[in-house]
Amino acid sequence: MAVLEIREMGDPVLRERAREVSAEELAGSEVQRLIDDMIETKRAANGAGLAAPQVGVPLRIAVIEVTAGNPRYPYKPPIPLTVIVNPELTPLDEVTFATNEGCLSMPNVRGDLERFENVGVRHLDRQGEVQESTRRGLTAGTFQHEVDHLDGVLFVDRMADMRSLSTWEEFERHRKDDFVARIEGLVRRVGS
Ligand code: ZN
Numbered sequence: 473m474a475v476l477e478i479r480e481m482g483d484p485v486l487r488e489r490a491r492e493v494s495a496e497e498l499a500g501s502e503v504q505r506l507i508d509d510m511i512e513t514k515r516a517a518n519g520a521g522l523a524a525p526q527v528g529v530p531l532r533i534a535v536i537e538v539t540a541g542n543p544r545y546p547y548k549p550p551i552p553l554t555v556i557v558n559p560e561l562t563p564l565d566e567v568t569f570a571t572n573e574g575c576l577s578m579p580n581v582r583g584d585l586e587r588f589e590n591v592g593v594r595h596l597d598r599q600g601e602v603q604e605s606t607r608r609g610l611t612a613g614t615f616q617h618e619v620d621h622l623d624g625v626l627f628v629d630r631m632a633d634m635r636s637l638s639t640w641e642e643f644e645r646h647r648k649d650d651f652v653a654r655i656e657g658l659v660r661r662v663g664s
């Protein structure tokens, strides 16, 4: 396995619609190795998720995993390692919540945006089996962020007000305590 270079904003691959992965490709050693490398790259960067375009590969694959005490997002509920291939994401209702996100492809930038609170997710796992789940709250937000990457969308595109853009240091200095207090209410209410 290898830690891959993470592409940063400005790289055109982050703005393309990634293409579906065929069953044959998914079973092949090249894509299986890519998935292993994406997991290792995500873990090395302490990310909550990583999409294939972020390592320069325009395929509809993302890996999501949050372990307890993640240093980037200590308030996020844990998510076991989940590999999503050709995902389809459907909001279950109109309910949204205000959140604050960062992105490995946008170093040292965070901002406020709204995400759907309840989504249905259907995808293939790395064995090619169909998986369906309901995701809520911050975890739903994480899935929406990664699926957005597969459509060439970055979280800043969904920000209604760019004045909340901040560096990580300034977020922690001025906003984090209020944000975490509010978001802990959401986590208690919907769990993960
Ligand atoms: Zn991202």
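Note that the numbering used here gives residue 585 to position 113 of the sequence shown, counting from 1, and the numbers run on in steps of one. Cβ atoms here follow ideal geometry from the backbone N, Cα and C, with glycine treated the same way.
Return the Cβ separation of residue 511 and residue 564 in integer angstroms, given the expectation that the two are a contact with Cβ distance under 8 Å. So it is not a contact: roughly 28 Å between Cβ atoms.
Is residue 576 close to the ligand ZN? I mean its beta-carbon at under 7 Å from any heavy atom of the ligand. Yes, the beta carbon of residue 576 sits closer than 7 Å to at least one heavy atom of the ligand ZN.
On a CA-only basis, which of 561, 498, 541 is nearest residue 605? Give me that one, please. The shortest C-alpha separation from residue 605 is found at 561.
Using the three-state DSSP reduction, which class does residue 494 fall into: helix, strand or coil? Looking at residue 494 - three-state DSSP - the assignment turns out to be coil, as it is neither helix nor strand.
Which residues mark the beginning and the end of the beta strand (DSSP E) in which residue 567 is found? No beta strand (DSSP E) holds residue 567; DSSP gives it neither H nor E.
Counting only runs that start and end within the segment 493 to 556, where is the beta strand (DSSP E) found for 3 or more residues in a row? Counting only runs of 3 or more, we get 521 to 523, 533 to 538.
Per DSSP, the bridge partner or partners of residue 586: Residue pairing by DSSP places residue 586 opposite 570 in a beta bridge.
Do residue 557 and residue 598 come within 8 Å of each other at the CB atom, strictly closer than that value? Yes, these two residues count as a Cβ contact at 8 Å.
Any contact of the segment 493 to 505 with the segment 540 to 552, i.e. 3+ C-beta pairs under 8 Å? In short, these stretches do not touch, since the Cβ pair count stays below three.
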